[in-house]
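K.L.:
In case it helps, the working numbering puts the sequence shown at residues 240 to 325. There's a structure below that I have some questions on.
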Amino acid sequence: WLPGQNRYREISSCSNCGDFQARRMKARWRRKGEKGAEFVHTLNGSGLAVGRTLVAILENYQQADGSISVPEVLKPYMGGITVIGR
Numbered sequence: 240w241l242p243g244q245n246r247y248r249e250i251s252s253c254s255n256c257g258d259f260q261a262r263r264m265k266a267r268w269r270r271k272g273e274k275g276a277e278f279v280h281t282l283n284g285s286g287l288a289v290g291r292t293l294v295a296i297l298e299n300y301q302q303a304d305g306s307i308s309v310p311e312v313l314k315p316y317m318g319g320i321t322v323i324g325r
C-alpha cells in the first residue's frame, strides 16, 4: 500500500517467459537420444523491487515529526535502531 498514491503497487513479480529470452541468448538443450536442440524455457522474477519497497516502508511508517519507525520485522537487522530520525 502506497498512501501517497492511494493504491496498492506491485513490489514483486515472477513471469514465465517461455522461450522468448532463450532465443535471444541462443540457450538450447537436447533430449537424451534425440537429434536437434530445443530452446529452453525461462523464468524472470524479482524478489523485491527495492525502490517501491523502500517507498512503501517510508510512507507507511513515517511519524508526524518526519522520523521513520522501523517495522518490527526489520528491527533484528537494524543493529538496535528502532527509529530513523531527521
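Idealized CB from N, CA, C, for every residue including glycine.
With a cut-off of 8 Å on the beta carbons, I'd call A261 and V289 a contact; round off their distance for me.
P.N.:
Locating residue 261 in the sequence shown gives position 22, counting from the first residue. Locating residue 289 in the sequence shown gives position 50, counting from the first residue. With a Cβ gap of about 27 Å, A261 and V289 do not count as contacting.
K.L.:
Starting from the N-terminal side, write out each stretch of the beta strand (DSSP E) that is 3 residues or longer and does not extend beyond the stretch 245-277.
P.N.:
Entirely contained in the stretch 245-277, the beta strand (DSSP E) runs reaching 3 residues are, in chain order, 252-257.
K.L.:
Starting from T281, follow the beta strand (DSSP E) in both directions and report where the run begins and ends.
P.N.:
As a working note, residue 281 is residue 42 in the sequence shown. 281-285 is the extent of the beta strand (DSSP E) around T281.
K.L.:
Between the Cα of G257 and the Cα atoms of N283, P315, G318, A276, which residue gives the shortest distance?
P.N.:
Position 18 of the sequence shown, counted from the first residue, corresponds to residue 257. Selected option, being the one with the closest Cα: N283.
K.L.:
Identify whether I323 lies in helix, strand or coil by the three-state DSSP scheme.
P.N.:
Numbered from its first residue, the sequence shown carries residue 323 at position 84. In the structure shown, I323 sits in a strand (DSSP, three-state: E or B).
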